[in-house]
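Peer 1: Letter by letter, the sequence shown follows residues 3 to 361 in this note's numbering. Backbone N, C-alpha and C fix where the C-beta goes; we use that ideal spot for every residue, glycine too. Take a look at this one; I'll ask things after.
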Amino acid sequence: MSIDDQVALGSISQIAIPGGGTLGQADLIRAFSVEDTTVRFVLELKDAEQARAFEPVEAEARRILLALPGVEQVSIVRTAQSGGGARGGDQPPQMKLGRHPKPQAGPQQIPGVSRIIAIGSGKGGVGKSTVTSNLAVAMARAGRRVGILDADIHGPSQPRMMGASGRPASPDGQRIEPLQAHGVTLMSIGFMLNEGEAVVWRGPMLMGAMQQMLQQVNWGELDILLIDLPPGTGDVQLSLCQKAAVTGALIVSTPQDVALLDARRAIDMFGKLKTPVLGLIENMSTYICPNCGHEAHPFGHGGVATEAKALDLPFLGEIPLELEVRLGGDAGQPVALGDGAVSQAYARLADRLIKGGMA
Numbered sequence: 003m004s005i006d007d008q009v010a011l012g013s014i015s016q017i018a019i020p021g022g023g024t025l026g027q028a029d030l031i032r033a034f035s036v037e038d039t040t041v042r043f044v045l046e047l048k049d050a051e052q053a054r055a056f057e058p059v060e061a062e063a064r065r066i067l068l069a070l071p072g073v074e075q076v077s078i079v080r081t082a083q084s085g086g087g088a089r090g091g092d093q094p095p096q097m098k099l100g101r102h103p104k105p106q107a108g109p110q111q112i113p114g115v116s117r118i119i120a121i122g123s124g125k126g127g128v129g130k131s132t133v134t135s136n137l138a139v140a141m142a143r144a145g146r147r148v149g150i151l152d153a154d155i156h157g158p159s160q161p162r163m164m165g166a167s168g169r170p171a172s173p174d175g176q177r178i179e180p181l182q183a184h185g186v187t188l189m190s191i192g193f194m195l196n197e198g199e200a201v202v203w204r205g206p207m208l209m210g211a212m213q214q215m216l217q218q219v220n221w222g223e224l225d226i227l228l229i230d231l232p233p234g235t236g237d238v239q240l241s242l243c244q245k246a247a248v249t250g251a252l253i254v255s256t257p258q259d260v261a262l263l264d265a266r267r268a269i270d271m272f273g274k275l276k277t278p279v280l281g282l283i284e285n286m287s288t289y290i291c292p293n294c295g296h297e298a299h300p301f302g303h304g305g306v307a308t309e310a311k312a313l314d315l316p317f318l319g320e321i322p323l324e325l326e327v328r329l330g331g332d333a334g335q336p337v338a339l340g341d342g343a344v345s346q347a348y349a350r351l352a353d354r355l356i357k358g359g360m361a
């Protein structure tokens, strides 16, 4: 028997809570989802004392849900920020500007978005976010309507790299209006934080935030939405591929063996999630000295192309390493805005993806 998620959510929204009111009125339920016979959600609480006070509330919610037809298992997480944590006694940063979107049972299209491309690496430090921002700018310069969703919730870098700041507005209290920079539509948890402020969230809250950024943001009409994934093969990647109709994934790696090892893990993860890998990109492929013109390969050269051939996957191109890449990223002016060698490399990459029907 299928479980009506709205009935399930409504059944616990009326539970009385310490201090007066109900769960629904206090808006403490996060990441509510129904999968097969299991109901999961997060109780977002401000501190350990409140978490202890809500033990009877959790027990009552579990009792009510297990009494519903079709419910066999209930998973409830009570979150609380410790007094010595990165945010002191405050609540985690709020993604919610209106109501949470209705939990989705499977991959969903984002209204107005033609293609969703995930950009991953399996490893940090290979320039995945740099590739994302510059590829987006290159596609926008080629006439495409492009968006970036910064899914690296614990380490958002797109606001700085794209030179965008300010808290997104929600005029109707329901939909979040993304920001714009360099012809690209942007959404990031970083817009909700003070610079240097940490996000300390468990998996269910990460997945809830991901669903909101996918479904509750007014993306408008986009030819392509690039999703800048965090390193690794964890909750965010799993949530994205299960909840959004991802067209495919691009894998970014440097040529060195240790980076390629993690890139293979990312490729294997996307295979298990039935998300097509559209191709591999070799970042920091070569370095040309700006003074003498000498070419060097500090991370090796050609390793990604060799790996792509071995895996029978498309090799999409090489991106050189230049000082201007770092300077542009720090200044919020992606190097793809210019006309130098790196900008041309991104233009070629964008052109290949567009002509290949991937963007």
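Helix, strand or coil: how does DSSP classify residue 2 here?
Peer 2: Nothing about residue 2 can be read from this structure; the chain reaches only from 3 to 361.
Peer 1: Can you check which of these residues, 229, 137 and 53, is closest to residue 189 by C-alpha distance?
Peer 2: Here the question's residue 189 lines up with position 187 in the sequence shown. The option with the nearest alpha carbon to residue 189 is 229.
Peer 1: In terms of alpha-carbon separation, which member of 256, 315, 39 and 283 lies closest to residue 302?
Peer 2: Along the sequence shown, read from residue 1 onward, the residue named residue 302 stands at position 300. Considering only alpha carbons, the answer is 256.
Peer 1: Tell me, please, whether the region 108-125 touches the region 311-324 by the rule of three or more beta-carbon pairs shorter than 8 Å.
Peer 2: The region 108-125 vs the region 311-324: no contact.
Peer 1: Within this structure, are the beta carbons of residue 213 and residue 112 separated by less than 8 Å?
Peer 2: Counting from one through the sequence shown, the residue named residue 213 turns up at place 211. Counting from one through the sequence shown, the residue named residue 112 turns up at place 110. In this structure, residue 112 does not lie closer than 8 Å to residue 213 by Cβ.
Peer 1: One question on the structure: do residue 43 and residue 20 come within less than 8 Å of each other, judged by their Cβ atoms?
Peer 2: One-based indexing of the sequence shown puts residue 43 at position 41. One-based indexing of the sequence shown puts residue 20 at position 18. No, the pair does not count as a contact, with Cβ atoms beyond the cut-off.
Peer 1: Classify residue 4 as buried or exposed, calling it buried when 16 or more other Cβ atoms lie within 10 Å of its own Cβ.
Peer 2: As a position in the sequence shown, residue 4 is number 2, starting the count at 1. Per the 10 Å Cβ criterion, exposed.
Peer 1: Could you give the distance in angstroms between the alpha-carbon of residue 300 and the alpha-carbon of residue 74?
Peer 2: Here residue 300 refers to the residue found at position 298 when the sequence shown is read from its first residue. Here residue 74 refers to the residue found at position 72 when the sequence shown is read from its first residue. So the alpha carbons of these two residues sit roughly 55 Å apart.
Peer 1: Let's see if you can read the secondary structure: which residues bound the alpha helix (DSSP H) around residue 244?
Peer 2: The residue given as residue 244 occupies position 242 in the sequence shown. Note, residue 244: alpha helix (DSSP H), 237-245.
Peer 1: Kindly confirm or deny that the region 219-233 and the region 148-161 touch, where touching means at least three C-beta pairs closer than 8 Å.
Peer 2: Yes, the region 219-233 is in contact with the region 148-161.
Peer 1: Quick check on residue 335: does DSSP put it in helix, strand or coil?
Peer 2: Along the sequence shown, one-based indexing puts residue 335 at 333. Residue 335 falls in the coil class under three-state DSSP.
Peer 1: Give me the Cα-Cα distance between residue 345 and residue 133, rounded to the nearest whole angstrom.
Peer 2: Position 343 of the sequence shown, counted from the start, is the residue given in the question as residue 345. Position 131 of the sequence shown, counted from the start, is the residue given in the question as residue 133. The alpha-carbon atoms of residue 345 and residue 133 are separated by roughly 11 Å.
Peer 1: Give the secondary structure of residue 178 by DSSP, where H, G and I count as helix, E and B as strand, and everything else as coil.
Peer 2: In the sequence shown, the residue the question calls residue 178 occupies position 176. Strand at residue 178.
Peer 1: Given that a residue counts as buried once 16 or more other Cβ atoms are within 10 Å of its Cβ, and exposed if not, what is residue 197?
Peer 2: Your numbering for residue 197 matches position 195 in the sequence shown. Flag for residue 197 reads exposed.
Peer 1: Can you say whether residue 9 is buried or exposed, counting buried as having 16 or more other CB atoms within 10 angstroms of its CB?
Peer 2: As a position in the sequence shown, residue 9 is number 7, starting the count at 1. It counts as exposed.
Peer 1: How is residue 288 classed by DSSP in three states: helix, strand or coil?
Peer 2: As a working mapping, residue 288 is identified with position 286 in the sequence shown. Three-state DSSP puts residue 288 in a strand.
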